[in-house]
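See below for the structure under consideration.
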Amino acid sequence: MLKLKNIHKIFNYGRINENHALKDINLIVPKGDFVTIIGSNGAGKSTLLNLVAGTYFPESGTVEINGQDMTNWPVHKRAHLVGRVFQDPLKGTAAEMTIEENLSLAVKRGERRGLRLGLNKKRREEFQGLLALLELGLENRLEDPVKLLSGGQRQALTLLMATLGDPEILLLDEYTANLDPKTAVQILEITGRVVEQGKLTVLMVTHDLKQALEMGNRTIMMDQGRIILDLKGEEREKTTVNSLLEKFSEKSGRELTNDRMLLQR
Amino acid sequence: MWLNILQGTMEQGLIFGLLAMGVYLTFRILDFPDLTVEGSFPLGASVAAVLIINGTNPFLATFLAFLAGILAGMITGVINTKLKIAGLLAGILTMTSLYSINLRIMGRANIPLLRERTILTIIKGWGLPERYISLIAFAIIVLCIKFILDYFLHSEIGMALRATGDSPVMIESLGVNTDTIKILGLGLANGLTALSGALTCQYQGFADVGMGIGMIVIGLASVIIGEVVIRTSRIVYATLGVIVGSIIYRMAIAVALQLGFAPTDLKVVTAVLVILALGAPSLRRFMIQDEFAERLMEGGATDAEA
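First to last, the sequence lines map onto chains A and B. FYI, in my numbering the residues of the first sequence are 2 to 266. FYI, in my numbering the residues of the second sequence are -19 to 286.
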């Protein structure tokens, strides 16, 4: 379970370009919840994810995972609980290393790494099985360096890696934004499957309102550093993209704008 | 006479292969431009030389020189990761400090080892053909270290090290403290460099405080030549390439000397070599444009338009 309590995040605190990015955020995500997060540019969606990942630390408030306060833990220290897929497909994998080497880095998530060989026959077979689940043919390319893969293939591999080594929480930050529509759909399908399998708790930032309502079981809308809407259950099922847009202008008094959304419509 | 020169270049190439492996580790694997090398090379020589003239077993002295190099590299790593001082400057700071420290260790600028018991004189006692002792000894040492390094870079920690240079954000999100890994990698690289320095002083018969000048460029030249000769992304071949590159570099230097360059010219020759190699991709663009313009003039235009 993830618990954010009274979170404030302020960039450039005390300087002229001070930016109060998150204002008194309170959020409890029970284990197994799949939350989609939407909002305008600068609403604080990615900042929220970065706080959970440990890339940023809040100016006040606490971040708890499974009852453990990890507000000030750096990324590597909480990695055993948090898996992450980045918006940039190049960030989540090591390009010069092979597919199997990348996977072997991920299975040791949060564990002590020693002088044993990172790969052996058993691991390779295991990886082949896992890659086959992606249905991209990567299971026959274990020894290919990752730089030879397409953006979509790299993102699928990153997704697989982010769920290896038993994390509790999976963070997805507009991870299909840089992919072509067809590949994006494919990646979303794969996401559904791996999340189901790993019984993961998911926070997914997206700019696609349809996607936000279709994926997962809960949708959060953010605006100017605040959570302005938290949809779940029956109410969410009845919500359409249009009613979501209406709800936004109702709550914030403005139109929901986001560069990517504008381009999409 | 040519055979003698060839043998000499092979021997030097092998010893400097260790230095080149160190430079490969930092510049290529860790993506860290580490200049500590210029100080850790003479550090290795100083430590080994002082211990040897004071009667320490040469093997132990060489090993302790290796450890001293590791320590020097780790200091650069701490300056960079904990104090957030840029990598290039961190290396320069350690390198500069090491100049004073090396003088302190040696007590003077130069220590001759001519009549001392060194690794090479000990191996001579084992009954190997005297003429080839250095060549055989260095080949064995360098290949052993190459294989150990290959294994290490495929171990769990070693892979984390490669990923730290390749994709730091990713490896951190998988639970690796990249600061620790960088410190470890820099330590290892400078350990190899110091080992190279320790063997060099025993081979040439003296340690000198100025012997580190230009080492970074020599190491880089070897790495680059190796990459040209053996094009691969596989570690096993890449480390072999580095050693081969180091030997070829020595041969190129031997040729330059035969052509009449003074030994003091060699540093500029090496630097120009590195500039040309690293600048080649940028220069190539203009060459391709010129060539293509010619092709267009010769009536290949229809092809190009289609």
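Cβ atoms here follow ideal geometry from the backbone N, Cα and C, with glycine treated the same way. Small disclaimer: the values here were computed from a predicted structure and weren't measured.
query: What does S135 (chain B) pair with, by DSSP beta-bridge criteria?
result: BP columns for S135 (chain B) point to A:L118.
query: What number of angstroms, rounded off, separates the C-alpha of I191 (chain A) from the C-alpha of I29 (chain A)?
result: The alpha-carbon atoms of I191 (chain A) and I29 (chain A) are separated by roughly 26 Å.
task: Decide if E152 (chain B) is buried, meaning its Cβ has at least 16 other Cβ atoms within 10 Å, or exposed.
output: It is buried - the Cβ of E152 (chain B) has at least 16 other Cβ atoms within 10 Å.
message: Could you check whether the Cβ of E285 (chain B) sits closer than 8 Å to any Cβ belonging to chain A?
response: Low confidence applies here, because E285 (chain B) scores a pLDDT of 46, under 50, leaving its location unreliable and the question unanswered by this model.
task: Hey, could you find the ends of the beta strand (DSSP E) R97 (chain B) is sitting in?
output: The continuous stretches of beta strand (DSSP E) do not include R97 (chain B), and DSSP gives it neither H nor E.
task: Please report the Cβ distance between V53 (chain A) and D174 (chain A), rounded to the nearest whole angstrom; I am assuming they are in contact, meaning their Cβ atoms lie under 8 Å.
output: About 11 Å separates the Cβ atoms of V53 (chain A) and D174 (chain A), ruling out a contact at the 8 Å cut-off.
- prompt: Which one or two residues does DSSP pair with N7 (chain A) in a beta bridge?
  reply: According to DSSP, residue pairing for N7 (chain A) in a beta bridge does not occur.
- request: Pick out the complete beta strand (DSSP E) segments inside the region 149 to 226 of chain A, 3 residues or longer, and give them in chain order.
  value: Counting only runs that start and end inside the region 149 to 226 of chain A, the beta strand (DSSP E) elements of at least 3 residues fall at 170 to 174, 202 to 206 and 219 to 224.
Identified DSSP bridge partners for F186 (chain B): Its beta-bridge partners are B:P92.
- prompt: Using the beta-carbon of each residue, which ones in chain B are nearer than 7 Å to R117 (chain A)?
  reply: S135 and E136, listed in chain order.
- prompt: Rounded to whole angstroms, how far is the Cβ of Q182 (chain B) from the Cβ of L47 (chain B), which I believe are closer than 8 Å?
  reply: Between Q182 (chain B) and L47 (chain B) the beta-carbon gap is near 17 Å, outside 8 Å, which marks them as no contact.
query: If you measure from the beta carbon of S105 (chain A) to each beta carbon in chain B, is any gap under 8 Å?
result: By this cut-off, S105 (chain A) is an interface position.
- request: Name the two residues that bound the continuous beta strand (DSSP E) containing H21 (chain A).
  value: Residues N20 to V30.
- request: Hey, could you find the ends of the alpha helix (DSSP H) V76 (chain A) is sitting in?
  value: Residues V76 to R79.
Secondary structure of R211 (chain B), DSSP reduced to three states: Collapsing the DSSP output to three states places R211 (chain B) in coil.
task: Spell out whether any CB of chain B is found under 8 Å from the CB atom of T48 (chain A).
output: When Cβ-Cβ separations below 8 Å define contact, T48 (chain A) makes no contact with chain B.
query: Listing by chain order, which chain B residues have their CB less than 8 Å from the CB of M98 (chain A)?
result: By Cβ distance, chain B contributes M139, R142, A143 and D146.
- prompt: If we count the other Cβ atoms within 10 Å of its Cβ and call it buried at 16 or more, is R111 (chain B) buried or exposed?
  reply: Around the beta carbon of R111 (chain B), fewer than 16 other beta carbons lie within 10 angstroms, which makes this residue exposed.
- request: Pick out whichever of A:T99, A:I66 and A:L158 has its Cα sitting closest to the Cα of I215 (chain B).
  value: For I215 (chain B), the nearest C-alpha among the options comes from A:T99.
- prompt: DSSP on S61 (chain A), reduced to helix/strand/coil?
  reply: S61 (chain A): strand per DSSP, three-state reduction.
message: Can you find the residues in the same chain that come closer than 8 Å, C-beta to C-beta, to A302 (chain B), ignoring five residues on each side of it along the sequence?
response: There is simply no residue 302 (chain B) to check, as chain B begins at -19 and stops at 286 in what is shown.
message: Contact criterion: CB-CB distance below 8 Å. Does E102 (chain A) meet it with respect to chain B?
response: Cβ-Cβ to chain B under 8 Å: yes for E102 (chain A).
Proximity test, Cβ basis, 8 Å: T94 (chain A) and chain B: When Cβ-Cβ separations below 8 Å define contact, T94 (chain A) makes contact with chain B.
message: What does DSSP give as the partner residue(s) for T99 (chain A) in the beta ladder?
response: According to DSSP, which records beta bridges pairwise, T99 (chain A) is partnered with A:P146.
- request: Mind reading off the beta-carbon distance from L230 (chain A) to I221 (chain A)? Whole number of angstroms is fine, and I expect it under 8 Å.
  value: 7 Å between Cβ atoms; contact.
- prompt: Exposed or buried, what is D146 (chain B) when buried is set at 16 or more other beta-carbons lying within 10 Å of its beta-carbon?
  reply: With 16 or more other Cβ atoms within 10 Å, it is buried.
- prompt: Is there at least one Cβ from chain A nearer than 8 Å to I151 (chain B)'s Cβ?
  reply: Contact with chain A is found for I151 (chain B), since one of that chain's Cβ atoms lies less than 8 Å from the residue's Cβ.
- request: Give the interface partners of V76 (chain A) over in chain B, defined as CB-CB distance under 8 Å, in chain order.
  value: Under the 8 Å cutoff, chain B gives E152 and S153.
message: According to DSSP, is L232 (chain A) part of a helix, a strand, or is it coil?
response: If DSSP states are grouped into helix, strand and coil, L232 (chain A) belongs with the strands.
query: Nearest-angstrom Cα distance between D130 (chain B) and L143 (chain A)?
result: Rounded to whole angstroms, D130 (chain B) and L143 (chain A) show a C-alpha spacing of 19 Å.
message: So for I50 (chain B), helix, strand or coil by DSSP?
response: I50 (chain B) falls in the helix class under three-state DSSP.
query: Using DSSP with H/G/I as helix, E/B as strand and the rest coil, what is G(-3) (chain B)?
result: Helix at G(-3) (chain B).
field: Listed by chain order, chain A residues near N60 (chain B) by CB distance under 8 Å
entry: What N60 (chain B) touches in chain A, judged by beta-carbon distance under 8 Å, is nothing: the nearest beta carbon there is about 17 Å away.
task: Grab the span of the beta strand (DSSP E) containing I255 (chain B) for me, first residue to last.
output: According to the DSSP assignment, I255 (chain B) belongs to no beta strand (DSSP E) but to the alpha helix (DSSP H) extending over L246 to R275.
task: Compare the C-beta of N157 (chain B) against all C-beta atoms of chain A and say whether one is closer than 8 Å.
output: So, interface residue.
- request: Take I163 (chain B) and list the residues in its own chain whose beta-carbon comes closer than 7 Å to its own, dropping the five residues that flank it on each side.
  value: Cβ neighbours of I163 (chain B) beyond the five flanking positions: M54, G57, V58 and T61.
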